[in-house]
Amino acid sequence: MKFIKTLLASSISLLLLGTAGCSDNTAQDTQQEDATSFTGLVIDGRVARGFVWVDTDDDGHIDTHEPYAYTDSDGYYGYNPLTNTNYCDDLNNQYCLNTGMVEGDFIIRIAGGVDLSTGEPFDGLMTLHSNTNDAKEVEQQVSEMSGSETSKPDFMPVISPFTSIVGNLSAADKATILNKLGLEDLNADNVEEMLKVDFTDFQVEGDVQESSSKTAKSANRKSAQDLTAEQLVSLDYFANATVYQKTTRTLSNLVFAFFEQRAISISELLSDNVFFGKKLDDAILEFIWEKDHNTTLDGSLLAQISDEDIVYIIKKAFFDIPKVMAIFDNDDYKSAISSTSDAVSSIANLTEEVLRDRGSVGHIKVGLLASQIGYSTLLTKSNDLISTNQFVRENAHDILDDVISTMVSDDFSDAIIDIIDTGRTLDIKQLSDDLADTEKSLADSIANATLAQAPENGEAGIWAQRVLSMSGKSEDGERGRILIFFGGDDTSDKKGDVSICYAYNANNNDEDVKATLIKGTWQELNSRGIVQLNQALISFTIKALKQAPIPAEEIGNVVGLGDETASSDDNFGHFRFVNDGRQELWFSDIAVEDTSDTRDFGLVDATTIPTTPAQCESFAVNGVENALVKNLGF
56 MKFIKTLLAS
66 SISLLLLGTA
76 GCSDNTAQDT
86 QQEDATSFTG
96 LVIDGRVARG
106 FVWVDTDDDG
116 HIDTHEPYAY
126 TDSDGYYGYN
136 PLTNTNYCDD
146 LNNQYCLNTG
156 MVEGDFIIRI
166 AGGVDLSTGE
176 PFDGLMTLHS
186 NTNDAKEVEQ
196 QVSEMSGSET
206 SKPDFMPVIS
216 PFTSIVGNLS
226 AADKATILNK
236 LGLEDLNADN
246 VEEMLKVDFT
256 DFQVEGDVQE
266 SSSKTAKSAN
276 RKSAQDLTAE
286 QLVSLDYFAN
296 ATVYQKTTRT
306 LSNLVFAFFE
316 QRAISISELL
326 SDNVFFGKKL
336 DDAILEFIWE
346 KDHNTTLDGS
356 LLAQISDEDI
366 VYIIKKAFFD
376 IPKVMAIFDN
386 DDYKSAISST
396 SDAVSSIANL
406 TEEVLRDRGS
416 VGHIKVGLLA
426 SQIGYSTLLT
436 KSNDLISTNQ
446 FVRENAHDIL
456 DDVISTMVSD
466 DFSDAIIDII
476 DTGRTLDIKQ
486 LSDDLADTEK
496 SLADSIANAT
506 LAQAPENGEA
516 GIWAQRVLSM
526 SGKSEDGERG
536 RILIFFGGDD
546 TSDKKGDVSI
556 CYAYNANNND
566 EDVKATLIKG
576 TWQELNSRGI
586 VQLNQALISF
596 TIKALKQAPI
606 PAEEIGNVVG
616 LGDETASSDD
626 NFGHFRFVND
636 GRQELWFSDI
646 AVEDTSDTRD
656 FGLVDATTIP
666 TTPAQCESFA
676 VNGVENALVK
686 NLGF
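Throughout the sequence shown, residue numbering follows the working numbering, covering 56 to 689 in sequence.
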């Protein structure tokens with residue numbers, strides 16, 4: 056029910072960035088004749104529907120006056136070379152970043168969105184330092200090749216974990232920093248070219264396209280000799296970027312949890328309005344720069360992080376905040392620091408072990424999932440990991456260690472390869488939760504978290520020209536329902552207009568049932584049933600998980616269109632909503648008729664779409680009149 060309350064607030068995108076305002080395109084400065092249209096690619100894996108902005112005051116916040124845009128379903132903004140689409144042909148396009156506010160050096164930042172390599176929300180903040188001369192050069196090339204199917208820009212500016220860590224250092228210093236993170240053979244002469252590399256583009260032809268398990272498994276497990284030198288370099292870059300990103304996000308989340316758990320207000324501490332994550336990231340950069348470390352002998356610097364290193368980083372980040380510095384002499388703080396360093400090094404070592412020195416695309420994919428599962432487990436247990444209670448803290452570490460041990464096992468690798476071979480994928484949040492439950496086996500956990508196979512490209516899909524009806528009930532009995540109408544010209548479309556009708560009984564009072572309509576757009580982010588829904592102030596992701604019975608403990612929270620409760624014998628579509636960093640599991644109101652149908656998740660065809668709140672309230676779904684407000688208090 057938190058999700059529907061967030062809809063009421065209508066500010067998911069802005070909450071994600073910890074700010075307010077910016078609800079129109081006036082910040083784009085589209086009327087200025089000397090404006091520059093910025094072009095680029097965001098990669099962690101590729102980040103779709105990320106929020107990109109020009110940070111004119113370098114504070115890590117999106118302010119109301121700062122130009123902004125979104126990344127498209129491939130991670131591009133401004134121009135997509137894969138489709139040869141120049142979004143800035145229409146300056147009001149949501150993917151066009153255009154402004155005349157900057158001249159010379161500038162900073163572009165990215166937050167939010169979905170990491171397409173895992174299907175999970177992108178966590179953190181990434182940065183690119185550049186200058187308008189380079190931006191205008193790319194802009195000119197894009198303009199000249201308009202309409203061409205073969206010409207591409209000479210280079211595409213990339214925002215990545217690497218560009219974030221090196222900032223605006225000299226070329227020689229950039230190479231030094233990246234060498235310490237484990238990237239070898241970089242120097243002042245070649246580091247700038249490396250920072251422009253799309254290291255996510257390592258997919259080999261036929262990698263997971265074959266339906267034959269034997270053929271696909273062979274493709275996934277291609278030996279190093281079968282990959283080109285460029286692909287091997289991309290794999291190495293990808294692994295190193297992931298180690299850095301996961302480790303720094305681990306540290307940031309644990310430090311934030313420490314402050315939050317001890318009722319220390321971050322917003323009050325950061326009176327200068329500098330983004331919390333930016334202060335920590337800057338401090339981590341100083342730590343890496345100043346730490347004497349030989350990566351060729353003992354692995355990544357971040358995998359060896361100590362209590363003293365954590366203290367150093369936090370002191371660097373918050374040296375100007377006396378309230379934080381005064382905590383250092385507290386024994387509780389010291390125990391939390393030790394727990395933090397153990398957790399950070401655990402995630403760093405896991406990520407290194409499952410990703411570094413891999414000579415195949417398939418194993419990189421398995422390693423990436425393993426790393427994300429470990430990280431997801433840590434996020435779930437973050438409050439316990441830095442608890443004041445020693446028993447709680449130790450138990451959380453034991454659970455994290457158990458999950459990590461599973462991630463590096465051959466049984467896990469073999470099971471995931473089989474998932475990839477059959478064109479399926481996993482709900483990482485579900486799998487990490489199940490693995491943290493010591494009573495569940497690896498096989499049962501993977502089975503429970505495996506997403507149903509989605510329709511193939513060109514076939515009728517899950518979403519287009521259909522309506523999804525879902526309802527829920529909060530712990531205090533408040534009820535709500537959402538009807539989402541996915542438009543499109545054809546049932547195989549992967550994007551289109553969307554109408555979202557929702558109703559919420561705030562106080563279990565018939566008079567409080569309100570029907571509301573939001574209009575926007577939707578687009579499928581990959582072929583595994585993940586879609587992004589967007590409106591001026593709202594952005595959220597829906598993932599179609601599986602066709603299965605509603606868990607017994609959840610039946611009481613499901614309203615249904617017909618009866619008060621749903622039958623535990625019926626299968627329903629399971630959907631995970633992601634908004635404002637939170638994840639919730641909802642269920643369809645309509646039972647799945649045929650579990651062998653990869654298209655059936657409880658959605659039904661919709662030939663008409665409501666255009667007013669009144670039409671929302673009277674709309675019939677699956678033969679049920681006034682479906683939106685059915686069982687919400689009447």
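Note that CB positions come from ideal geometry on N, CA and C, so glycine has one too.
Expected contact under 8 angstroms - CB spacing of G422 and L410 to nearest Å
4 angstroms
Residues near A661 in its chain [Cβ-Cβ closer than 7 angstroms; skip 5 each side]
Q520, R521, V522, F540
CB of A358 within 7 angstroms of CB of A403, strictly
yes
Counted within 10 angstroms of its Cβ, other Cβ atoms place D375 as buried (16 or more) or exposed
exposed
Three-state secondary structure (DSSP) at D110?
coil
Pick out whichever of K371, V399, I459 has its Cα sitting closest to the Cα of S361.
V399
Option nearest V553 by Cα separation, candidates P665, G657, K484
P665
Mark N328 as exposed unless 16 or more other C-beta atoms lie within 10 angstroms of its C-beta, in which case mark it buried.
Only weak support exists for where N328 lies, its pLDDT of 47 falling under 50; the value from the coordinates is given anyway. Sixteen is the threshold: since fewer than 16 other Cβ atoms of the shown chains lie within 10 Å of the Cβ of N328, the residue is exposed.
In the structure shown, what three-state DSSP assignment does E158 receive?
For E158, the three-state secondary structure derived from DSSP is coil.
Run through the segment 447-484 for me and flag every whole alpha helix (DSSP H) of 4 or more residues, listed as ranges in chain order.
465-476
Short Cβ contact (7 angstroms threshold) for F656 with A599:
Cβ distance < 7 angstroms, so F656 and A599 count as in contact.
For the alpha helix (DSSP H) that E363 lies in, which residues bound it at each end?
362-373
Count the C-beta pairs between the segment 187-195 and the segment 115-124 that are closer than 8 angstroms, then say yes if the count reaches three, no if not.
no
Should I704 and S215 be called a contact, given that it needs their Cβ atoms to be closer than 7 angstroms?
Beyond the ends of the chain as shown, which are 56 and 689, falls residue 704; an answer cannot be given.
Nearest-angstrom Cβ-Cβ length linking S487 and T432, presumed shorter than 8 angstroms
4 angstroms
Considering R521, what are the terminal residues of the beta strand (DSSP E) in which it resides?
Counting along the chain, R521 sits inside the beta strand (DSSP E) bounded by residues 521-528.
Quick one: residues in its chain with C-beta nearer than 7 angstroms to the C-beta of Q578, no 5 flanking neighbours on either side, listed in chain order?
S128, K549, K550, V586, Q587
May I have the straight-line CA-CA distance separating G584 from D228, to the nearest angstrom?
43 angstroms
Touch check for the segment 337-346 and the segment 364-375: three-plus C-beta pairs under 8 angstroms?
yes
What three-state label does DSSP hand A570 in the structure shown?
strand
Please state the DSSP three-state secondary structure of N295.
helix
Where does the unbroken beta strand (DSSP E) through I645 begin, and where does it stop?
637-646
Should S278 go down as buried or exposed, given a rule of 16 or more other Cβ atoms within 10 Å for buried?
The predicted model places S278 with a pLDDT of 41, which falls under 50 and marks its position as unreliable, so this point remains unresolved.
Proximity winner among L137, Y131, I163, relative to D112 (alpha-carbon distances):
Residue I163 is the option with its Cα nearest to D112.
Anticipated Cβ contact below 8 angstroms, L506 with R479, distance rounded:
Contact holds; Cβ gap of about 6 angstroms.
Count the other CB atoms, across all protein chains shown, that sit within 10 Å of the CB of Q195; report buried if there are 16 or more and exposed otherwise.
exposed
Among the candidates L137, T91, N148, I165, whose CA atom is the shortest distance from the CA of G105?
I165
Q427 to I483, Cα distance in whole Å?
Our two residues, Q427 and I483, have alpha carbons roughly 7 angstroms apart in a direct line.
Neighbour-count burial assignment, T596, 16 or more Cβ in a 10 Å radius
buried
Nearest-angstrom Cα distance between E608 and F161?
52 angstroms
Own chain partners of N223 with C-beta closer than 8 angstroms, once the 5 adjacent residues on each side are dropped
D160, H184
Residues bridged to C556 (per DSSP):
L538, L572
Reference A669; option with closest CA among D644, L616, Y557
Nearest option by C-alpha distance: Y557.
Considering only the beta carbon of each residue, do M462 and A515 sit closer than 7 angstroms?
no
What number of angstroms, rounded off, separates the C-alpha of V246 from the C-alpha of L572?
Distance between the alpha carbons of V246 and L572: 50 angstroms.
Report buried or exposed for K601, applying the criterion of at least 16 other Cβ atoms within 10 angstroms of its Cβ.
buried
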